[in-house]
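If you're matching positions, the sequence shown starts at 881 in this note's numbering and goes up one per residue. We put the beta carbon where it would ideally sit given N, CA and C, even for glycine. This report refers to the structure that appears directly beneath it.
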Amino acid sequence: MCPIGSLMDRQDAVHAMVSAAKLEVPVEDVPLGKSTNRILGCDVRCKLDLPPFDRSLRDGYAVRSDDLMGASSGSPSFLNVVGEVPVGGVPDFKIPQQGAAVIHTGGMLPDGADCVAMLEDTSLVGSILEVRRALQRGENVVFKGEEAPAGSVVLGRGTLLSEAHVGLLASQGIKDVPCLGLRSCVFSSGDEIKPVGEAIPYGMLYDVNGWFICSALSRIGIESSYGGILEDRAVNIREKIRDAMEWAHVIIISGGSSISVRDHLEEVFSTFDHPGLIVRGINVQPGKPLLGAVTGSPARVVLGLPGHPLSCATSFYTFVTPMLEMMFGGSGWNVKTLKISLAEDLPARSGIEEFVPGKICDDGVVPIFSASSYSGVLANCDGLIRVPKDRETLRRRETVDLWMIR
């Protein structure tokens, strides 16, 4: 791997990969009930005004704001109740001057009314309503098209769909959702790695990274297939990658990306063309030995991540996810960043961007120092504390960026 001075900064590496990769990904219809955590394949426009009619936000009375000017508990306004808005129905009457109508949350506002008086601000005696508060036009009401007019884009291509997005799609009567059919294949490498579920002799390790990456990809809407463990032979690695390129848009291999007589990934990546190997190490700790290539026709993204579990995970959160999100014009893929106070000093070295696991406590966030091979730290931390490359030590009580991973 290159010395630190010649490594690419993380953001520069992300932009270089995005600029080179022009992936052709199909769009497929997914049933609405299965679309959570899928990536929207095209812009979705409102078929209907949202909301489709003027709606009440409270239980109370549909009224005219002009009739309540100056109303207060000491000088209330008195109105005549002329009807009740049927639940789920269309009112067949108008609100006249000095008139009111019973209305429930979500009900359609009758013609003539422009606001809703809440129950707690009123008293009813017979058909006479006492209102003890002045109201402004639009108070306790959402008007037709106020959230989104018909024809406007409500969700953009690349949105990682949450349950809230699914509800929004349902409000437009969308039964089948156009989603990106983005597929990936994940390999681990190393003769010391064995599949989970098997008995392993002393000195061997179970494959952690392969399953972590598959799970993390699924969380951001990318179908993942576990390709197994590659032998530490360049010919075998090249063959497996070529086979995966037949159907996968993204191929990720963990392990074998640092300098070693047994690390063959850079040798294999160097044989790629159109345009080939783009990233050969990034200026990040942990996660420096990262490889990135774009190759093939149609184009495929091939990535080599570090073998140590913490380094692998850090690379995924800080490089892979931002790269894929930017590549597809996405939103909501990447981890959220929290501004938080540092609970104790965090020593660092200038010249390299660092990410340190952190645990939230009453005083802010506490750094968790761990060897990069220790996978358990991920299950016990709340996020990664970012240390800019121009800083040597972050001091207690200083505000830092915590990249939330849960």
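Only residues of its own chain outside the window of five on either side were considered, and among them Ala-981, Val-982 and Ile-983 have a CB closer than 8 Å to the CB of Glu-964, listed in chain order. Counting of Cβ neighbours within 10 angstroms places Asn-1260 among the exposed residues, the total staying below 16. DSSP places Met-1284 within a strand segment (E or B) once states are collapsed to three. In the three-state reduction of the DSSP assignment, Phe-1235 falls in the strand class. Assignment of Glu-964 by DSSP, reduced to helix, strand and coil, places it in the strand class. Around the C-beta of Glu-1126, fewer than 16 other C-beta atoms lie within 10 Å, and the residue is accordingly described as exposed. Relative to the Cα of Asp-1112, the nearest Cα in the group Ala-893, Leu-989 and His-1144 belongs to His-1144.
The beta carbon of Ile-1109 is closer than 8 Å to those of Phe-1067, Ser-1068, Ser-1069, Gly-1070, Ile-1073, Lys-1074, Pro-1075, Asp-1087 and Gly-1090 in its chain, skipping five residues each way along the sequence. By the Cβ test, the region 1056-1065 is not in contact with the region 964-979, since fewer than three Cβ pairs between them sit closer than 8 Å.
Ala-993 places its beta carbon 9 Å or farther from that of Asp-929. In summary, Ala-1028 is buried, with 16 or more beta-carbon neighbours lying within 10 Å of its beta-carbon over all protein chains present. Arg-1229 is a Cβ neighbour of Glu-1272, given a cutoff of 9 Å. Non-local C-beta neighbours of Met-949 in its own chain, meaning closer than 7 Å and more than five positions away in sequence, comprise Ala-1014, ordered along the chain.
Sequence-distant partners of Arg-1099 (beyond 5 residues in either direction) whose C-beta falls short of 8 Å from its own C-beta, in its chain, are Asn-917. Met-998 sits in a strand when the DSSP states are folded into three classes. Here Lys-1120 is buried, its C-beta having at least 16 other C-beta atoms within 10 Å. Residue state for Tyr-1082 is assigned as coil, using DSSP reduced to three classes. Assignment of beta strand (DSSP E) within the region 1061-1149, counting only whole runs of 3 or more residues, yields 1063-1069, 1103-1110 and 1130-1134 in chain order.
By the 16-neighbour rule on beta-carbons within 10 angstroms, His-1154 is exposed. The C-beta distance from Ser-1032 to Ser-1064 rounds to 33 Å, too long to fall under 8 Å, and the pair is not in contact. Excluding residues up to 5 positions away in sequence, Thr-1279 lie with their Cβ nearer than 6 Å to the Cβ of Lys-1219 in the same chain. Within the same chain, and ignoring the five residues on either side of Val-961 in sequence, the residues whose Cβ sits closer than 6 Å to its Cβ are Ala-980, Ser-1007 and Leu-1009.
Between Val-1046 and Gly-921, the gap from beta carbon to beta carbon reaches 9 Å or more.
For Ala-1114, the closest alpha carbon among the candidates Tyr-1082, Pro-1186, Ser-1150 and Met-897 is that of Ser-1150.
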